[in-house]
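Terminal number for the sequence shown in numbering that gives the first Met the number 0: 243, no gaps in between.
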Amino acid sequence: MVLDRYYSIQYSTGIENQGSNPARTSHHQCKPVTFRMDKLKDSLGIIEEALRNFGAEEIFISFNGGKDCTVLLDIIQNSNLKDAKRIKCIYVRPLHPFSEIEEFVELCRAHYGITISTVNGSIKSALEMICNEDRQIKACIMGSRRSDPYCERLTPFQETDPGWPQLMRINPLLEWSCEDIWNYIRERHVPYCVLYDRGYTSIGDRTNTIPNPHLKVVSDDGSEEYLPAYTLKDADKHERAGRL
Numbered sequence: 000m001v002l003d004r005y006y007s008i009q010y011s012t013g014i015e016n017q018g019s020n021p022a023r024t025s026h027h028q029c030k031p032v033t034f035r036m037d038k039l040k041d042s043l044g045i046i047e048e049a050l051r052n053f054g055a056e057e058i059f060i061s062f063n064g065g066k067d068c069t070v071l072l073d074i075i076q077n078s079n080l081k082d083a084k085r086i087k088c089i090y091v092r093p094l095h096p097f098s099e100i101e102e103f104v105e106l107c108r109a110h111y112g113i114t115i116s117t118v119n120g121s122i123k124s125a126l127e128m129i130c131n132e133d134r135q136i137k138a139c140i141m142g143s144r145r146s147d148p149y150c151e152r153l154t155p156f157q158e159t160d161p162g163w164p165q166l167m168r169i170n171p172l173l174e175w176s177c178e179d180i181w182n183y184i185r186e187r188h189v190p191y192c193v194l195y196d197r198g199y200t201s202i203g204d205r206t207n208t209i210p211n212p213h214l215k216v217v218s219d220d221g222s223e224e225y226l227p228a229y230t231l232k233d234a235d236k237h238e239r240a241g242r243l
């Protein structure tokens with residue numbers, strides 16, 4: 000695959016005063032960014048195969064405002080693959096969402112100039128609702144990575160488990176590490192939710208998510224602050240330390 004045939008290399012600029020953008024973040028220059036283009040090439044290959052196997056109207060992106068699906072959305076919106084931009088994007092809103100996530104979803108609508116539909120509830124109930132409302136839907140593109148819970152044995156194309164709505168799960172980011180995700184975001188200046196600058200590293204909802212304790216810094220006067228998510232060491236191991 001010749002990468003520039005399938006992907007626009009120019010940087011995103013973001014929208015001023017909304018969300019976070021690494022180009023405007025004080026911690027952005029803390030270390031050199033080295034993004035692995037081979038990971039992007041492999042992900043585009045999976046998306047290309049998905050579009051060969053399904054029509055764009057049969058696929059949707061499951062979006063929750065987190066860093067992984069933000070990268071996935073950015074890849075698809077910058078893709079030169081035929082019909083990729085016609086893939087639907089659906090925000091699965093939890094019962095107790097962070098207001099910052101809600102604001103970031105609005106940012107993405109404006110930044111990419113796309114429609115993002117919203118479905119409330121757990122991922123399982125949301126998938127059931129999506130499939131019931133749109134009988135064309137056959138596949139869901141997700142931001143799952145190998146280090147996520149229960150994803151060790153996932154494959155790039157895998158049907159949902161028994162008891163779930165019948166869909167093909169498509170996982171273009173499966174082999175990406177947490178560091179790969181942040182290197183992509185920082186190198187391309189992709190806007191992301193401000194919670195990541197406040198020490199959150201894996202975001203669920205307000206009832207089950209706190210800043211990652213591994214990022215806590217205590218000053219001489221006893222005050223506490225949290226470093227940005229992309230400074231976390233051994234991120235694939237400690238990423239979910241802020242989940243309750």
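We treat Cβ as the ideally placed atom computed from N, Cα and C, and that holds for glycine.
Looking at the DSSP output, ILE115 shares a beta bridge with CYS88.
Beta-bridge annotation (DSSP): PHE59 is paired with LYS87 and CYS139. The bridge partners DSSP lists for THR208 are ARG242. Excluding its 5 nearest sequence neighbours in each direction, ASP82 has C-beta neighbours in its own chain below 7 Å: LEU50 and ALA55, listed in chain order.
A straight-line Cα-Cα distance of about 21 Å links ILE86 and ARG144. By the Cβ-count criterion, THR208 is buried, with 16 or more other Cβ atoms from all chains shown falling within 10 Å of its own Cβ. Rounded to the nearest angstrom, the gap between the Cα atoms of THR154 and GLU174 is 10 Å. Put simply, the backbone Cα of GLU223 is about 12 Å away from that of ASN211. By the criterion of at least three beta-carbon pairs nearer than 8 Å, the region 185-202 is not in contact with the region 37-48.
Per DSSP, the unbroken beta strand (DSSP E) holding GLN157 starts and ends at 156-158. Comparing C-alpha distances from ALA138 to each of ASP37, PHE34, PHE59 and MET36 shows the shortest one belongs to PHE59. With respect to the 8 Å criterion, CYS130 and ILE136 are classified as neighbours on the basis of their beta carbons. In this structure, DSSP gives LYS215 an extended state, which the three-state scheme calls strand. For ARG242, same chain residues with a beta-carbon under 7 Å away, outside a window of 5 residues either side, are SER201, GLY203, ASN207 and THR208 in chain order. Residue burial annotation: ARG168 is buried, with at least 16 other C-beta atoms found within 10 angstroms of its C-beta.
For GLU127, the closest of GLY112, GLN165 and TYR90 by C-alpha to C-alpha distance is GLN165.
The straight-line gap separating the alpha-carbon atoms of SER176 and GLN157 is approximately 20 Å. VAL216 is classed as exposed because its beta carbon has fewer than 16 other beta carbons within 10 Å across all chains shown. In the DSSP assignment, the residues bridged to GLU224 are VAL216.
About 11 Å separates the CB atoms of TYR90 and THR114; that is not less than 8 Å, and the two are not in contact. Between the alpha carbons of SER61 and GLY221 lies a distance of about 41 Å.
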